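Novice:
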Amino acid sequence: MKVGNATLDLRFLGIFDTVASVGVADSMPIAKGLMDWADGTMDIENVGKVVHYVAAHEIRQSFPLSTARIGAKAYPSNTKEFIYPGAHSDLGGGYGPGDQGKSVSGRSALLSQIALNDMYFEARNAGVKLLPKDKMLPEARVDFDIAPELDNAFNAYCDWTRFVEKESVSAGNGPPCENRMQYHMQLYWRWRAQVSPDSKFKGLSSYRNSSAQDKTDLWESELDWRKDVARAQEASKPRRVFNPRIGYVDLPPPADAVQRQIVAEVNAASRVPAAVSEFFDKFVHDSHGGFWLLGPITKDDRAVFIAEVRKKKAMYDKLMESAEKSGNPGYANNMRRRALAYELNAFERRVLEENKKTPGGVPLMTDADAADLRAIAGMSTEAVLAVMGTATRREPKGHGRYRRVFDS
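Quick note, the sequence shown lines up with residues 2 to 409 if you use my numbering.
1) How far does the beta strand (DSSP E) with E82 in it extend, from its first residue to its last?
2) What would DSSP say about K201, mapped onto helix, strand or coil?
3) Hey, is the stretch 55 to 63 in contact with the stretch 81 to 96, meaning 3+ C-beta pairs nearer than 8 Å?
4) Note down the Cα distance separating A75 from E179, rounded to an integer number of angstroms.
5) Beta carbon of M2: closer than 7 Å to some heavy atom of the ligand SAM?
6) Since A157 is in the alpha helix (DSSP H), which residue starts that stretch and which ends it?
7) Note the first and the last residue of the continuous alpha helix (DSSP H) segment covering H185.
8) Under the assumption that L112 contacts D91 (Cβ atoms under 8 Å), give the Cβ distance between them as a whole number of angstroms.
9) Judging by CA-CA distance, which residue of K314, L320 and G204 is the nearest neighbour of E354?
10) Touching or not, the stretch 329 to 349 and the stretch 194 to 201, by the rule of three or more beta carbon pairs under 8 Å?
11) Short check: CB of G93 to CB of F17, under 8 Å?
12) Quick one: what's G248 bridged to in DSSP?
13) Please classify M380: is it buried, with 16 or more other beta-carbons within 10 angstroms of its beta-carbon, or exposed?
14) Say whether the stretch 213 to 229 touches the stretch 351 to 369, bearing in mind that this needs 3 or more beta-carbon pairs closer than 8 Å, one atom from each stretch.
15) Could you name the residues of the same chain whose beta carbon sits closer than 8 Å to that of Q214, not counting the 5 residues immediately before and after it, in chain order?
16) List the endpoints of the continuous alpha helix (DSSP H) containing F306.
17) Terminal residues of the continuous alpha helix (DSSP H) containing V259?
18) Where do the N-terminal and C-terminal ends of the alpha helix (DSSP H) with F348 fall, by residue?
19) Would you check if the stretch 258 to 277 and the stretch 230 to 241 touch, i.e. whether three or more CB-CB distances between them fall below 8 Å?
20) Under three-state DSSP, which class holds I115?
21) To the nearest angstrom, how far is it from the Cα of K420 to the Cα of L205?
22) From S278, W190 and G291, pick the residue whose C-alpha is nearest to that of R395; which is it?
23) Just how far apart, CA to CA, sit A124 and S278?
24) Taking DSSP as the reference, what is the three-state secondary structure of H58?
25) Would DSSP call V52 helix, strand or coil?
26) Across which residues does DSSP place I16 in a beta bridge pair?
Given below as structure tokens:
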């Protein structure tokens, strides 16, 4: 590879669940695919070896997979692609210990530790001059630790799915990337169906160990899943319609292939081994539940959000004070009308109340706050969410879909 006058020899590129999520991604029914801008970005020819790990249980519409495949079937000769269990950041990292009540024993219990170690070995095998673990400083070596409980749970899942594990999709043996991801998602549906009753779901280790906000997010995500199941079950019922000429006619159920598979997995919910249930519960994150489209997420987001609410309240108070002090009824009424644009909604009032108790904090956010949060976000955000078809803080529907795959 030429960079100016220099020649670079790139031996290895390891990539984790690559997502071309710019613009609408797969979040709106107005386009499919990369819309040309990202075409060819995964055609990596000038590297000796490319390894791509794909998240089997990522479901967000805003995170469609960019596979390393070129077209419908072919992979570059230098490229391997593997399917790993977990959501997007369960492979590439990003979740912290205790997020959603998962991996509570520390960093070594994060599912991303598995992909980290596997990619480390891929890099060393490709000739990358990384230190062997026994030569690393202790503070560096500990970053590669894998907790025994995670190792056992991961192996239990691999044993359950062993006929499609540890095999590069790019080798051309067995089903393609989409089919393998769908297979893993079907097993995830089966597990969700098994733990869906209220007592079982709220008895999950992850739910019990979650923060108040994570508990809310997980529960509302579960309600989205239950709606997916209810729609699939309703669509799977035979239909009887009346024809004036021949009387009642039985028609086949209108369920599509995804809905039929959801029903099949719900019916198979008892067939999930206990060790696999523990793997999903304690280590695999719910990316749908934790992906907010509304409301402040980071500490910096919250600081800006709170400042804007205070500024809005100050303007409301200023205008109302001008109205009260004015001796001119017409002017006072005009000030009151202007003040209405700055009147706080219920959620904003709760923000100020929360800050009296916890400076820098925001109150618990639920789907009941979605309308207030949309109003705060503004008309452009409201329009986008309307096109997406969501009335919650998250993407529309729940886990009852397959992830979109974009190839180059």
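Glycine included, every Cβ here is placed at the ideal spot set by N, Cα and C.
Only a predicted model underlies this, so the values are computations on that prediction, with no experimental measurement involved.
Specialist: Short version:
1) T80 to Y85
2) helix
3) yes
4) 14 Å
5) Among the ligands in the structure shown, none appear at all, so the ligand SAM cannot be discussed.
6) P149 to W161
7) C178 to Q195
8) 4 Å
9) K314
10) no
11) yes
12) N244
13) exposed
14) yes
15) L365 and M366
16) K300 to K326
17) A258 to N268
18) A347 to K358
19) yes
20) helix
21) A query on residue 420 cannot be resolved here, the shown segment of the chain reaching from 2 to 409 and no further.
22) G291
23) 32 Å
24) coil
25) strand
26) H53
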